[in-house]
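Asks: Heads up, the sequence shown is in the UniProt record's numbering, so the first residue is 1 and it goes up one at a time.
Don't be surprised by glycine CBs; every beta carbon is placed ideally from N, CA and C.
Quick caveat, the model's predicted, so the values are computed rather than measured.
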Amino acid sequence: METESGNQEKDTGDLKDSSLLKTKRKHKKKHKERHKMGEEVIPLRVLSKSEWMDLKKEYLALQKASMASLKKTISQIKSESEMETDSGVPQNTGMKNEKTANREECRTQEKVNATGPQFLSGVIVKIISTEPLPGRKQVRDTLAAISEVLYVDLL
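1) Which residue marks the beginning of the alpha helix (DSSP H) containing residue 142, and which one marks its end?
2) Would you report the Cα separation of residue 41 and residue 28, rounded to the nearest angstrom?
3) Please state the DSSP three-state secondary structure of residue 56.
4) Tell me, to the nearest whole angstrom, how far the beta carbon of residue 155 is from that of residue 136; I am working on the premise that it is less than 8 Å.
5) What is the DSSP secondary structure of residue 130, reduced to helix, strand or coil?
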């Protein structure tokens, strides 16, 4: 009888061991993204709360200004389309658009002809200097004379 009870204990022990083995699963190794050799990773940095709030205010002001200009252009387009429908005589908005586009191109060409580096729109520029750069606002004002600047960050 002792052997039977011993066998039963072994059987239940084997069941426990096999159930533990079944519940365990292998975890796959997660591969970290390997950065390309040419790309440089922008490091994270610590900011004081006041610096963070200043950057946040600047960002929100830029966002507000861009939305205001977007709304202005939309309202102008709507008013032009209303004028066309009210007058009954369609105006040549295509001609107006071409004229304004030509004016804008002339303005951008004048900016490009100015001495200094040439920037494309939608590009992030990294400037490395041996001398310490002046404040963000001064750098932004200097670059704004050459091309439109949305944001400046000094590291």
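Replies: According to the structure data:
1) In the sequence shown, counting from the first residue as 1, residue 142 sits at position 142. From DSSP, the alpha helix (DSSP H) with residue 142 extends over 136 to 146.
2) Residue 41 sits at position 41 when you count from the first residue of the sequence shown. Residue 28 sits at position 28 when you count from the first residue of the sequence shown. As the crow flies, the alpha-carbon of residue 41 is around 26 Å from that of residue 28.
3) The residue you call residue 56 lines up with position 56 of the sequence shown. In this structure, residue 56 counts as helix in the three-state DSSP scheme.
4) The residue you call residue 155 lines up with position 155 of the sequence shown. The residue you call residue 136 lines up with position 136 of the sequence shown. Not a contact, Cβ separation roughly 11 Å.
5) Taking the first residue of the sequence shown as 1, we reach residue 130 at position 130. Reduced to three states, the DSSP call for residue 130 is coil.
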